[in-house]
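Those protein sequence lines, which keep their order, are chains U and C.
Following the working numbering, the numbering of the first sequence begins with 152 at its first residue and continues without gaps.
Following the working numbering, the numbering of the second sequence begins with 721 at its first residue and continues without gaps.
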Amino acid sequence: MLTLTRSVGETIRIGDDIEVHVVEVRGGTVRLGFKAPREVTIHREEVYRQIAEANLLAAQVTADSLGALAAFAPSPTAAGAIAPEGVDASATTPAAAEDASA
Amino acid sequence: MTPTSVATRPARAQAPAAPVPVPAPAPAVQALSLTEPMPGFPRHRDYVLVPADPAGVLFWLQSVAKEGPRFLAVSAAAYFPDYAPALPGSALVELGLPEAAGAQLFCVVTVPDGDVASATANLRAPLVVNSDTHRACQVVLTDGLHPIRRPVRR
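Here it is in structure tokens:
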């Protein structure tokens, strides 16, 4: 791993178009600023790793889960719509209620 | 005379040929091109988003690669009506979305050990889809307001 020493206000350049600025150093904490093309995403490592781990676990899903998960939805007729949770929710969507009874 | 009609062609190409057993307009299968890979699956950018239930709530997010990953995702609008995360402007630009309201959001579902009762949805990193261009990205939110594991059961 390349190691460089920089002071506040100084910059590191990575390739042609990525800049890392040392904004502030206080105690054991460093504030960094980044300039990069928008297609370059920048994450805190631990957050990125959490998402990656969540995705790896999520990819183990099987089709067995489908029925039960569908039943957890707020309303089976609410695709894209904001349905009230009231008891008469089905009455407000007569067309979809027909689907359910068919 | 005709060049402008080209713009509508990709959407029509997605019309499903298979019969769908619901009278309501069924959500169509979408081919998605990710602007960056899902974290954890760096080699996969091309997916299809396939409706998994008649109500249009659950979707398979399936890599087109033979050994690629498959996820289950829920429509955020249908499942979490109050979910309105602030999407970073850079992500919207990358997806070609003029405003956040044009985005379709999906949350990846995890079912630990097949136990549906403890299933969770990832609200921290929604899959943001531009359904006009079929470009998508799993955007990692930085506001800290949305959990990675929100219980799905109610």
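Where a beta carbon is used, it is the ideal one built from N, C-alpha and C, also for glycine.
Note that this is a predicted model, so its numbers are computed, not measured.
### Task
To the nearest angstrom, report how far apart Ala806/C and Asp833/C are at their CA atoms.
Here the question's residue 806/C lines up with position 86 in the second sequence. Here the question's residue 833/C lines up with position 113 in the second sequence. When only Cα atoms are considered, Ala806/C and Asp833/C end up about 32 Å apart.
### Query
Could one say the Cβ of Ser810/C lies closer than 8 Å to chain U's Cβ atoms, at least one of them?
Walking along the second sequence from the start, residue 810/C turns up at place 90. By this cut-off, Ser810/C is an interface position.
### Task
Starting from Arg189/U, find everything on chain C with Cβ-Cβ shorter than 7 Å and list it in chain order.
Locating residue 189/U in the first sequence gives position 38, where the first residue counts as 1. Residues of chain C whose Cβ lies closer than 7 Å to the Cβ of Arg189/U are, in chain order, Ser810, Val813 and Glu814.
### Query
Whose C-alpha, out of Pro757/C, Met758/C, Arg844/C and Leu778/C, is nearest the C-alpha of Leu792/C?
Translated into positions along the second sequence, residue 792/C becomes position 72. Answer by Cα proximity: Leu778/C.
#### Entry: Rounded separation between Gln858/C and Leu220/U - CA only
Counted from its first residue, the second sequence places residue 858/C at position 138. Counted from its first residue, the first sequence places residue 220/U at position 69. Answer to the nearest angstrom: the Cα atoms are 21 Å apart.
### Query
If we ignore side chains and look at the alpha-carbon of each, how far apart do Ala232/U and Ala797/C end up?
Sequence index remark: in the first sequence, residue 232/U carries index 81 (1-based). Sequence index remark: in the second sequence, residue 797/C carries index 77 (1-based). Here Ala232/U scores only 44 on pLDDT, less than 50, and its place in the model should not be relied on; the value that follows carries that caveat. Going by the C-alpha atoms only, they are around 7 Å apart.
### Within-8 Å CB hit, Leu183/U to chain C
Residue mapping note: residue 183/U aligns to position 32 of the first sequence, counting from 1. Residue contact check for Leu183/U against chain C: no CB pair falls below 8 Å.
### the region 202–220 of chain U / the region 838–856 of chain C touching (three or more Cβ pairs under 8 Å)
Counting Cβ pairs under 8 Å, three or more are found: they touch.
### Query
Since Ser810/C is in the alpha helix (DSSP H), which residue starts that stretch and which ends it?
One-based indexing of the second sequence puts residue 810/C at position 90. Run containing Ser810/C: Gly809 to Leu815, per the alpha helix (DSSP H) assignment.
### Message
Just to make sure I have the definition right: I need the residues of chain C whose C-beta is within less than 8 Å of the C-beta of Asp168/U. Which are they?
### Response
Within the first sequence, numbered from 1, the residue matching residue 168/U stands at position 17. Residues of chain C whose Cβ lies closer than 8 Å to the Cβ of Asp168/U do not exist; the shortest such Cβ separation is about 14 Å.
### Task
Return the residues of the region 760–773 of chain C that lie within a Cβ-Cβ distance of less than 8 Å from chain U, sorted by chain order.
Interface annotation for the region 760–773 of chain C against chain U: Gly760, Phe761, Ala772 and Asp773, criterion Cβ-Cβ distance under 8 Å.
### Task
Count the other CB atoms, across all protein chains shown, that sit within 10 Å of the CB of Glu197/U; report buried if there are 16 or more and exposed otherwise.
Along the first sequence, read from residue 1 onward, the residue named residue 197/U stands at position 46. Label assigned to Glu197/U: exposed.
### Message
Whether or not the region 849–856 of chain C and the region 822–829 of chain C are in contact is what I'm after, with contact meaning three or more pairs of Cβ atoms, one per stretch, closer than 8 Å; do they touch?
### Response
At 8 Å Cβ cutoff, the stretches touch.
### Task
Within the same chain, show all residues whose beta-carbon is closer than 6 Å to that of Gly788/C, passing over the 5 residues directly before and after it, in chain order.
The residue given as residue 788/C occupies position 68 in the second sequence. His764.
### Message
Against Glu756/C, what residues of chain U qualify as contacts under a CB-to-CB distance less than 7 Å, listed in chain order?
### Response
As a working note, residue 756/C is residue 36 in the second sequence. Residues of chain U passing the Cβ test: Thr192.
### Query
Quick one: Cα of Val770/C to Cα of Ala748/C, how far?
For the purposes of this step, residue 770/C is taken as the residue at position 50 of the second sequence. For the purposes of this step, residue 748/C is taken as the residue at position 28 of the second sequence. Each residue's alpha carbon lies about 7 Å from the other.
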